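Okay, structure first, notes after.
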Amino acid sequence: MDVNKTSQKTKQINKTKPRFILPRHVKIPRAKLKICILGNIFAKTVHHTREIYDLKFEDLNLDQFINLCRMLKKILNNFGISLTSIRYEMESYIQVLEKHEDVFSNFNIHHLLRGIVHEIEIGGYEFTEAVMWISRYIDFIRAVIQNLLLEGFENNQLDETTENVLRKSYDETLAQYRDWTAQKTFKALIVKSPRKKSLIKKFMNSKPTRKELLIIAMEGCVEVMSEIVAGLKATFEEANLEKDIEQLKLQHLFTFQRIEEAN
Numbered sequence: 495m496d497v498n499k500t501s502q503k504t505k506q507i508n509k510t511k512p513r514f515i516l517p518r519h520v521k522i523p524r525a526k527l528k529i530c531i532l533g534n535i536f537a538k539t540v541h542h543t544r545e546i547y548d549l550k551f552e553d554l555n556l557d558q559f560i561n562l563c564r565m566l567k568k569i570l571n572n573f574g575i576s577l578t579s580i581r582y583e584m585e586s587y588i589q590v591l592e593k594h595e596d597v598f599s600n601f602n603i604h605h606l607l608r609g610i611v612h613e614i615e616i617g618g619y620e621f622t623e624a625v626m627w628i629s630r631y632i633d634f635i636r637a638v639i640q641n642l643l644l645e646g647f648e649n650n651q652l653d654e655t656t657e658n659v660l661r662k663s664y665d666e667t668l669a670q671y672r673d674w675t676a677q678k679t680f681k682a683l684i685v686k687s688p689r690k691k692s693l694i695k696k697f698m699n700s701k702p703t704r705k706e707l708l709i710i711a712m713e714g715c716v717e718v719m720s721e722i723v724a725g726l727k728a729t730f731e732e733a734n735l736e737k738d739i740e741q742l743k744l745q746h747l748f749t750f751q752r753i754e755e756a757n
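The numbering of the sequence shown is this note's numbering, which starts it at 495 and goes up by one.
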């Protein structure tokens, strides 16, 4: 057997294999990551952004942003019925972005939002509002994972439900933006939240990934989401988009009421 040929083949295979990108602050021997690579949605998300896109918010285009939103939404699927309303709302806003995909697909999301002021100037706000709400949902997902990490996954905690984590994360992020009905619906559903033991199995795709490696991937995912949310928030504040959207909605409501009164 030719050892040199075997060695060359191995090198070629290794070149084609995806390289798992760690959170910037984490140092761990690469050999230990073999059982973790793309084994769960968090690792996939970090790999997707760091390796495929080398994520910098300023360079993220609409196609990439939509793909990333879909990946992050999959995290919510693991919570079953407890996050049904959040999943449904997030999906509806992703579909709004997809309606604009053909026109804006290669546009940088940062500059797109800064330039989309013309949508508001002509009395529309559909695209801008969709991005605004999606950024809030991403922030909620970030808070959920961050609070799960803070609570920990010790063996004596695995039978606990995730209801408190979901409630705390919601209060920290989405609660201030959603109306009374939406809040009541959310609180009614989270009593069905899964136990941590069940959730970890889902996160690992039922594969025997070591818990500490799952935690590393979760930390990396939190970092990715924090970067996106910070970038979107800065863009909205810079262009004063959130205030403009609220004013437009009030104008539309006032116009509708006047039409109703006239009839």
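Glycine residues also receive a C-beta, built at the ideal position from the N, C-alpha and C atoms. All of these numbers come straight from a predicted model, not from anything done at the bench.
Which listed residue (the options) has its alpha carbon closest to that of residue i
i, options, result
"T667", "R636, K691, K678 and Q651", "R636"
"Y671", "M626, I639, F559 and L693", "M626"
"G725", "K696, V590 and I603", "I603"
"K639", "T622, I588 and M712", "Note that residue 639 is Ile in the sequence shown here, rather than Lys. When each option's Cα is compared against that of I639, the closest is M712."
"N658", "T675, S720, L642 and D596", "L642"
"T605", "C563, L556 and L693", "Note on residue identity: the sequence assigns His, not Thr, to residue 605. The option with the nearest alpha carbon to H605 is L556."
"R661", "T539, L562, R564 and I580", "I580"
"M719", "L707, R630, D673 and D653", "R630"
Span separating the alpha-carbon of residue i from that of residue j
i, j, result
"G646", "K681", "23 Å"
"A537", "L566", "11 Å"
"K690", "F697", "10 Å"
"N734", "K705", "43 Å"
"I628", "T655", "26 Å"
"S663", "S599", "32 Å"
"Q677", "D633", "17 Å"
"L591", "T578", "20 Å"
"T729", "L607", "7 Å"
"I560", "Q651", "35 Å"
Coil, strand or helix - residue i by DSSP
i, result
"T667", "coil"
"R761", "This structure does not reach residue 761, given that the chain is present from 495 up to 757, and the question cannot be answered."
"T656", "coil"
"N602", "strand"
"K505", "With a pLDDT of 42 at K505, under the threshold of 50, the modelled position of this residue cannot be trusted; read the value that follows with caution. DSSP places K505 in helix when its eight states are reduced to three."
"N555", "strand"
Neighbour flag for residue i against chain D, beta carbons, 8 Å
i, result
"K681", "Among the chains in the structure shown there is no chain D, since it carries only a single protein chain."
Quiz item: For the stretch 686-696 against the stretch 565-582, are there 3 or more C-beta pairs whose distance is under 8 Å?
Solution: Touching, per the Cβ criterion.
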